[in-house]
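Scroll down for the structure; my scribbles are underneath it.
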Amino acid sequence: MLAVKKLTKKFSAPSGDVQALSDISLKVESGQFVSIIGKSGSGKSTLLSMLGALDIPTSGSIEVDGVDLAKLSSKQQTSYRAKTIGFVFQQYNLIPNLSALENVMLALEFGGHKSAGRREEAARLLKQVGLDDQQIQRKPARLSGGQQQRVAIARAIANNPALILADEPTGNLDSETGQKIFDLLHKLSRSQNTTIIAVTHDLDIAGKTDKTFTLKDGKITTK
Ligand SMILES: Nc1ncnc2c1ncn2[C@@H]1O[C@H](COP(=O)(O)OP(=O)(O)OP(=O)(O)O)[C@@H](O)[C@H]1O
Ligand SMILES: [Mg+2]
């Protein structure tokens with residue numbers, strides 16, 4: 004489903020260029036649950052942003068189901084992000100002035116969910132990640148870090164994306180809740196054939212995925 008070829012990303016900064024990714028090539032099949040590990044600064048978030056068409060590679064290509072992301076028009080890229088991909092950001096990126104419920108409802112709206120039943124569907128998704136009736140009415144600032152993280156996960160899975168890109172989806176969770184979220188993602192990959200690429204620092208979790216890529220200084224060291 005995903006083929007990355009010779010992907011390179013350079014950032015230009017006044018203090019000099021940073022080569023965040025160099026010559027990355029990898030393949031992920033549909034329905035695979037893949038983990039990415041590597042030290043801070045090794046390029047994990049940069050790689051996810053490229054895969055999610057949130058940023059443009061310096062060189063190289065990314066094909067999703069045979070379509071080169073660079074060849075999509077900006078309208079097609081927007082639709083790719085809204086419908087094909089569920090993104091869990093490292094910093095969650097929830098909309099601060101909307102409640103948890105409204106954050107998920109908005110994602111459903113972008114994904115083309117009809118307005119009837121949107122509220123109920125958002126509530127169902129939030130309950131699936133373990134939030135209660137009262138918590139789902141709160142704005143992000145009034146939820147704990149782990150609760151916000153779970154809202155971000157509910158939002159990412161809302162439109163049944165073919166591909167979930169998750170930047171440390173269990174990073175802020177205690178091990179029991181983290182395991183539950185991992186199980187939920189695992190179930191999705193098996194029952195809906197959802198492809199999942201998750202950055203993690205948790206080697207226990209990485210060990211349970213189908214495949215692990217290790218990044219070091221912008222290069223893949225294991226396959
Ligand atoms: N917008 C940017 N401009 C300049 N340099 C950047 C930018 N974004 C990332 N970098 C640099 O690129 C490298 C890779 O960053 P990235 O965020 O991908 O690391 P990471 O593996 O996700 O780290 P962490 O585990 O801390 O989240 C780092 O050296 C970082 O400083
Ligand atoms: Mg990161």
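Numbering follows the working numbering, in which position 203 of the sequence shown is assigned residue number 206; successive positions increment by one, without gaps. Beta carbons are placed, not taken as given, at the ideal position from N, Cα and C, and that holds for glycine. Bear in mind the structure is a predicted one, so any value in this text is a computation, not a measurement.
Item, Value
"Closest residue to leucine 104 among Ile156, Leu54 and Pro60 (Cα-Cα distance)", "Ile156"
"Spatially closest choice to valine 31 from Ala6, Lys219, Lys12 and Val21, by CA coordinates", "Ala6"
"Heavy atom of ligand 2 within 7 Å of aspartate 170 beta-carbon", "yes"
"Three-way DSSP call (helix, strand, coil) for valine 154 in this model", "helix"
"Residue of Thr197, Thr212 and Gln138 minimising C-alpha distance to phenylalanine 90", "Thr197"
"Rounded straight-line distance, which links the Cα of threonine 173 to that of aspartate 207", "12 Å"
"Sequence ranges, alpha helix (DSSP H) only - wholly within the stretch 166-208, length at least 4", "178-194"
"Within 6 Å of ligand 1: residues by beta-carbon to any heavy atom", "Phe14, Ala16, Val21, Ala23, Gly41, Ser43, Gly44, Ser45, Gly46, Lys47, Ser48, Thr49 and Gln93"
"C-alpha gap between lysine 86 and isoleucine 160, whole angstroms", "10 Å"
"Pairwise C-alpha distance: isoleucine 223 and aspartate 136", "43 Å"
"Leucine 134, enclosing alpha helix (DSSP H) - first and last residue", "Looking at the DSSP string, leucine 134 is not in any alpha helix (DSSP H), and its letter there is neither H nor E."
"Separation of serine 64 from lysine 42, as counted between CA atoms", "24 Å"
"Residue closest to aspartate 58, alpha-carbon to alpha-carbon, out of Gly44, Leu10 and Glu124", "Leu10"
"DSSP bridge partner residues for phenylalanine 92 (one or two, in chain order)", "BP columns for phenylalanine 92 are empty, so no partner."
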